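Q: Got a structure for you, questions after.
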Amino acid sequence: MCSQCHGKASKFFCLCFLLPFFFLVFLSYGSSTAAASGKSTTSIGVVIDEESRVGKEQKIAIKIAVQQINNSTNHKLTIHFRNISAGNPLQAATAADQLIKVEKVQVLIGSQAWQEAAIVADVGNRAQVPVISLAASSVSPKLTHVRWPFLVQMASNSSKEMESVAAIVHSYNWKKVVVIYEDDAYGDPGALALLSKALVDKGSDIEYCSVLPLYTSLSDPQGFIGDEVAKLLSRKSRVFIILQSSLIMAKHLVKEARRIGLMERDSVWIVTDSITSVLESDPFFVKSMEGAIGTKPYYSEETSSFMELKAQFLEITKSDYPEEENLVPGIYALRAYDSIMAISHAVTKLGSDENTTAKTLLKGILSSKFLGLSGNISFRDGSLLDSSNLRIINVVGSIYKDLGFWSSEGFLKTIDQVKGGAHNMKKLGSVVNWPGNLTRDPKGWIMPSDKKKMRIAVPAMTVYPNFVEVVNVSDSVHNISGFCIDLFKEVVNFLKKDYPLPYEFFPFYGSYDELVISVSNEFCFVLSSVKPKIWKTYDAVVGDVTIVERRAKLVEFTQPFAESGLSMMVQYKHKPTRAWLFLKPFSLSMWLATLGILLYTMFIVWFFERESNPDFKGPRHDQLGTVMWFTFSSLFFAHKEKVYSNYTKMVVVVWLFVVLVLTSSYTASLSSMLTVEMLEPKVEDIEWLRNTNATVGCDGGSFVRDYLRNVLKLDNIKYMANQFDYTSEFDKGGISASFIELPYQRFFLKDNCNHFTTVGPSFRFGGFAFVFQKGSPIAKDVSEAILNITETGTLKRLETTWFPPVTNCSVSKNTGSLTIESFWGMYLISGATSTICILLFIAKIVFLRKNKDRNLRNGGAGDIPGEGGDLRKAIAVVRYTYKTNNRISPIRATSFYQREDIGSSRWKVMSPSEALEHGIQL
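This note's numbering puts the last residue of the sequence shown at 1338; the count rises by one with no breaks.
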């Protein structure tokens, strides 16, 4: 709320206490109607400005109502008018006091201005005379009833209208508005407070409040109003709300605004019922307001009662006010008419004069309940229960049209709609005629043009030129380039389909906090402890500005185009080569699992080959040496021993596959460890920096320095002027670590990844974004453009252009050992294969033994061991010959058998040497 509004309420309340000391001569008397002989009469006093258009409407409507009642009922009403000057509460109080004391009126009807009606209500309270106010109040009905118990309000509270205005502003996402209203020495700031609250609830606020004094108090109205309207040119918002104004003040105001270009494209004018209710009176004024949106109380103009009133109204206007043109009954006239009807209902209920007292008359008025011309009439706590809706109108040419209606449910398309109100006026589907014949929704903001381009500041003291770089060609010529600049140019190209965005870049030599302040037009001490400075005001900032909470309170950020965060960057320390590096490729669990599967495979091979394979015979230690040699040599595929058993062959095939995978993996891992330099960071965490008070580096102009001090509690900080200072400071030991934002880190590590690394957690922030003034609608459009550029791949292309991928990094920071988690499936297959084979072999032995026992029971065994012997053995072939072409071909015996004892059925195997001793020719 503007500063001019302070003190208004205090002046108003002081007036109430000074009232008894003011006694002025009473002014001209209005006409009075004598009561008919023998009939009860109620005397009514009316205090209005009879010279104003609204006062004339009210006086005519009251006369018509009194005439209708006197002609149709036995109870007669007499009217005593008192004319007062608008904006003179003291005169209103004097007139009311005289009407009560001299004319002995039983009811007072107050004027349209609330400050005057409140003074009259004080007079009525002291005299205990009911006072009917025709003015809308911004005070809570309950508080009003407590303060003025004899006050009856015929106009609804202003809160509903203020809510409708805020809803219109919210529908088009206008964040800042300029409020204009005509005030006087006793002005009531309540309506402004209600509007301010309603706007804040919708996410908007008042940028500037232009308070104009009462028009009649100005010696040079045209010059004063022209100067005040010219002040609005310096405001960014182009949404103007005329909160309250007299008709003549509004005419001059609109005339000056149109003259200096404030009613052109992208401007918005919203007027309340103080203007819309008298629009019909001046067609030329209506035409000058073309494109404006207004709120107006709704009342039906099609009822027979209204048509009858209108006919009588026009007749009286011609006779009493021939100079007035287009004087028709509006909402003020209808409220005055209904107030007389409420009094008539009350006195009709009371009956005779003996029953009529001030309190009974007040009670009768408050208990009235009927359908008046202004709407439903009923009261609670002395205030009108307003169930009527507001019309949302749009001025088109010399007339206006309805856009919709506002009710407690929201925006309604028709007056008959009961439910389903919309919270956005756009959903009504009505076409709005905007100022300047604009075909799109106005921005409600000062838009750049070729004559007045958008002033955009760019950071000139950047550490990383790939983002933004300013090269001074001369004092007035600068070459500005970088990733952020190219991105903004893409945004401007995208916005061309809606509107052009002429701009001009200006280098800014200061910190980033000061750069943000230059857009918000505030003082630098808001953000830091440096000496306050006042910078030139810019419309926007294009650069690598990080979104942080304290900055977001001052300016409007766009959608971020790059993620942002903060982490610690340190140097590598070189580790010496270790003697036991050959064990590093496999973890301990991997080595144990490999050894276990190897021993298990060795046992399986020995078990299958010990009986049938001569290479695996002999003493136990020879068998152990042979099977160990066979298994270990298979690791290098160097084994030469033959295997006879099919089970062994199956086990060995799976084992060789395991060996192939293990040797390949081991070789690859060991090669990586031997050929890539193993590096570790010199500093592991931030806690070490705190404990040792080590020096850390950061960009001097960014917010990082305050973050390190206030959040990370690091005090020993050195500021870097450019990216090359980091390398030199690390090399000479000037800093132990640096804290750089993530986008900068990627750019820095692109060429230094073999020497530096990041450690510890990353602290996230809002990202990089462009900056606009608070409430600027251009920020929203730029955000949409950034999203489109991101989705179409243009942003990725720009990133690749300005930040090429890293190609020269050979450091492997995480060349770790291979673990069992990567190979347990292979070990499982090998172990399962060996286990299945040995189980099958055991099952076969059991089967053959049972078969042999069955044969023995059936007659014994033959002389020569056959297939049913104890073990499967080949039958010894001693020698046989056959004749082919007179040649005898020998057949070599593969095995030799001999009975263990004479008559025994058991056979034993002979070696070739034993066979020769027994005379067997080989």
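Glycine included, each C-beta is placed from N, C-alpha and C at the ideal position. No experiment lies behind these values; they were computed from the predicted model shown.
(1) Tell me which same chain residues have a C-beta within less than 6 Å of the C-beta of residue 1287, skipping the five on either side of it?
(2) Between the region 1107 to 1119 and the region 1068 to 1082, are three or more C-beta pairs nearer than 8 Å?
(3) Measuring straight from C-alpha to C-alpha, what distance separates residue 657 and residue 563?
(4) Give the C-beta separation of residue 495 and residue 482 to the nearest angstrom, bearing in mind that I take them to be a contact with Cβ-Cβ under 8 Å.
(5) Per DSSP, what kind of secondary structure is residue 550 in: helix, strand or coil?
(6) Would you say residue 648 and residue 594 are within 8 Å of each other, going by their C-beta atoms?
(7) Would residue 620 and residue 714 qualify as a contact pair, given that the criterion is a beta-carbon distance under 8 Å?
(8) Please state the DSSP three-state secondary structure of residue 1169.
(9) Are the beta-carbon atoms of residue 880 and residue 1135 separated by less than 8 Å?
(10) Span of the beta strand (DSSP E) holding residue 459?
(11) Am I right that residue 572 and residue 551 are in contact with their C-beta atoms under 8 Å? What's the rounded C-beta distance?
(12) Assuming residue 626 is part of the beta strand (DSSP E), what are its boundary residues?
(13) Below 8 Å between beta carbons: does that hold for residue 680 and residue 645?
(14) Report, in whole angstroms, the separation of the C-beta atoms of residue 1261 and residue 1020, which I expect to be a contact under 8 Å.
(15) Below 8 Å on the Cβ atoms is my guess for residue 1185 versus residue 961; work out the distance and round it to an integer in Å.
(16) One question on the structure: do residue 864 and residue 917 come within less than 8 Å of each other, judged by their Cβ atoms?
(17) Buried or exposed, going by whether 16 or more other CB atoms sit within 10 Å of the CB of residue 676?
(18) Report the residue ranges of all beta strand (DSSP E) runs contained in full by the region 788 to 876; include only those spanning at least 3 residues, in chain order.
(19) What number of angstroms, rounded off, separates the C-alpha of residue 1060 from the C-alpha of residue 1046?
(20) Label residue 1208 either buried or exposed according to how many other C-beta atoms from any shown protein chain fall within 10 Å of its C-beta, with 16 as the threshold for buried.
(21) Please classify residue 850: is it buried, with 16 or more other beta-carbons within 10 angstroms of its beta-carbon, or exposed?
(22) Helix, strand or coil for residue 569, going by three-state DSSP, please let me know.
(23) Since residue 894 and residue 887 should fall inside the 8 Å C-beta cutoff, what is the C-beta to C-beta distance between them, to a whole number of angstroms?
(24) In terms of residue numbering, what span does the alpha helix (DSSP H) encompassing residue 709 cover?
(25) Roughly how many whole angstroms lie between the Cα atoms of residue 585 and residue 774?
(26) Name the one or two DSSP bridge partners that residue 658 has.
(27) CB-CB under 7 Å to residue 1000, same chain, minus the five flanking residues each way: which ones, in chain order?
(28) DSSP on residue 1042, reduced to helix/strand/coil?
(29) Hey, how far is the Cα of residue 575 from the Cα of residue 609?
(30) Please specify which runs of the alpha helix (DSSP H), each continuous and at least 4 residues long, are wholly inside the region 868 to 940, giving them in chain order.
(31) Rounded to the nearest angstrom, what separates residue 695 and residue 1122 at their Cα positions?
(32) Helix or strand or just coil, what does DSSP make of residue 419?
(33) In chain order, what residues of the same chain lie with their CB nearer than 7 Å to the CB of residue 513, ignoring the 5 residues before and after it?
(34) In the DSSP assignment, find the unbroken alpha helix (DSSP H) run with residue 971 in it and report its ends.
(35) Determine the DSSP secondary structure at residue 541, reduced to helix, strand or coil.
(36) For the alpha helix (DSSP H) that residue 966 lies in, which residues bound it at each end?
A: From the atom records:
(1) As a position in the sequence shown, residue 1287 is number 871, starting the count at 1. With a pLDDT of only 38 at residue 1287, under the threshold of 50, the placement of this residue in the model should not be trusted, and no figure is reported.
(2) Verdict: no, contact absent.
(3) Within the sequence shown, residue 657 is the residue found at index 241, counting from 1. Within the sequence shown, residue 563 is the residue found at index 147, counting from 1. Those two C-alpha atoms are separated by around 31 Å.
(4) Here residue 495 is taken as the residue at index 79 of the sequence shown, counted from 1. Here residue 482 is taken as the residue at index 66 of the sequence shown, counted from 1. Contact annotation, residue 495 with residue 482: C-beta distance approximately 6 Å; criterion of less than 8 Å satisfied.
(5) Sequence index remark: in the sequence shown, residue 550 carries index 134 (1-based). Residue 550: coil per DSSP, three-state reduction.
(6) Locating residue 648 in the sequence shown gives position 232, where the first residue counts as 1. Locating residue 594 in the sequence shown gives position 178, where the first residue counts as 1. Yes, Cβ-Cβ distance for residue 648 and residue 594 is below 8 Å.
(7) Residue 620 sits at position 204 when you count from the first residue of the sequence shown. Residue 714 sits at position 298 when you count from the first residue of the sequence shown. At the C-beta level, residue 620 and residue 714 stay beyond 8 Å of one another.
(8) Locating residue 1169 in the sequence shown gives position 753, counting from the first residue. When DSSP states are grouped into helix, strand and coil, residue 1169 belongs to the coil group.
(9) On the sequence shown, residue 880 is found 464 positions in, with the first residue counted as 1. On the sequence shown, residue 1135 is found 719 positions in, with the first residue counted as 1. Result no, Cβ atoms of residue 880 and residue 1135 do not sit closer than 8 Å.
(10) Your numbering for residue 459 matches position 43 in the sequence shown. Element bounds for residue 459: 457 to 464.
(11) Residue mapping note: residue 572 aligns to position 156 of the sequence shown, counting from 1. Residue mapping note: residue 551 aligns to position 135 of the sequence shown, counting from 1. Between residue 551 and residue 572 the Cβ distance is about 11 Å, and since that is not below 8 Å, they are no contact.
(12) Residue numbering aside, residue 626 sits at position 210 when the sequence shown is read from its first letter. Per DSSP, the continuous beta strand (DSSP E) segment holding residue 626 begins and ends at 621 to 628.
(13) Taking the first residue of the sequence shown as position 1, residue 680 is located at position 264. Taking the first residue of the sequence shown as position 1, residue 645 is located at position 229. No, the Cβ-Cβ distance between residue 680 and residue 645 is not below 8 Å.
(14) Walking along the sequence shown from the start, residue 1261 turns up at place 845. Walking along the sequence shown from the start, residue 1020 turns up at place 604. Contact flag wrong, Cβ pair sits at about 15 Å.
(15) Counting from 1 along the sequence shown, the entry for residue 1185 is found at position 769. Counting from 1 along the sequence shown, the entry for residue 961 is found at position 545. That pair is a contact at about 6 Å.
(16) Reading the sequence shown from its first residue, position 448 is the one you call residue 864. Reading the sequence shown from its first residue, position 501 is the one you call residue 917. Their beta carbons are under 8 Å apart, which means residue 864 touches residue 917 by this criterion.
(17) Here residue 676 is taken as the residue at index 260 of the sequence shown, counted from 1. Counting the other Cβ atoms within 10 Å of the Cβ of residue 676 gives fewer than 16, which makes it exposed.
(18) Listed in chain order, the complete beta strand (DSSP E) runs (minimum 3 residues) inside the region 788 to 876 are 806 to 812, 815 to 823, 826 to 828 and 870 to 875.
(19) Locating residue 1060 in the sequence shown gives position 644, counting from the first residue. Locating residue 1046 in the sequence shown gives position 630, counting from the first residue. Residue 1060 and residue 1046: Cα-Cα distance of roughly 14 Å.
(20) For this step, residue 1208 is matched to residue 792 along the sequence shown. Residue 1208 should be labelled exposed.
(21) Here residue 850 refers to the residue found at position 434 when the sequence shown is read from its first residue. With 16 or more other Cβ atoms within 10 Å, it is buried.
(22) Taking the sequence shown and counting its residues from 1, one reaches residue 569 at position 153. Residue state for residue 569 is assigned as strand, using DSSP reduced to three classes.
(23) Counted from its first residue, the sequence shown places residue 894 at position 478. Counted from its first residue, the sequence shown places residue 887 at position 471. Indeed they touch by this definition, with Cβ atoms about 7 Å apart.
(24) Position 293 of the sequence shown holds residue 709. Here residue 709 belongs to no alpha helix (DSSP H); instead the beta strand (DSSP E) covers 709 to 713.
(25) The residue given as residue 585 occupies position 169 in the sequence shown. The residue given as residue 774 occupies position 358 in the sequence shown. Taking C-alpha positions only, residue 585 is separated from residue 774 by approximately 45 Å.
(26) As a first step, residue 658 must be located in the sequence shown, where it is residue number 242. DSSP lists 596 and 687 as partners of residue 658.
(27) For the purposes of this step, residue 1000 is taken as the residue at position 584 of the sequence shown. Annotation for residue 1000: 1089 and 1233 place their beta carbon closer than 7 Å to its own, counting only its chain and skipping 5 residues before and after.
(28) As a working note, residue 1042 is residue 626 in the sequence shown. Reduced to three states, the DSSP call for residue 1042 is helix.
(29) Working through the sequence shown from its first residue, we reach residue 575 at position 159. Working through the sequence shown from its first residue, we reach residue 609 at position 193. Each residue's alpha carbon lies about 10 Å from the other.
(30) The qualifying runs are 899 to 911 and 928 to 936.
(31) Along the sequence shown, read from residue 1 onward, the residue named residue 695 stands at position 279. Along the sequence shown, read from residue 1 onward, the residue named residue 1122 stands at position 706. So the two alpha carbons sit approximately 58 Å from each other.
(32) By 1-based counting over the sequence shown, the position of residue 419 is 3. Any reading at residue 419 must be qualified, since the residue scores a pLDDT of 45, below 50, and its modelled position is unreliable; no value is offered.
(33) The sequence position of residue 513 within the sequence shown is 97, counting from 1. Counting only Cβ-Cβ distances below 7 Å, and skipping sequence neighbours, we find 539.
(34) Residue 971 sits at position 555 when you count from the first residue of the sequence shown. In the DSSP annotation of this structure, residue 971 is not part of any alpha helix (DSSP H); the continuous beta strand (DSSP E) holding it starts and ends at 971 to 973.
(35) As a first step, residue 541 is located in the sequence shown; it is residue number 125 there, counting from the start. Reduced to three states, the DSSP call for residue 541 is helix.
(36) Translated into the one-based positions of the sequence shown, residue 966 becomes position 550. Residues 965 to 968.
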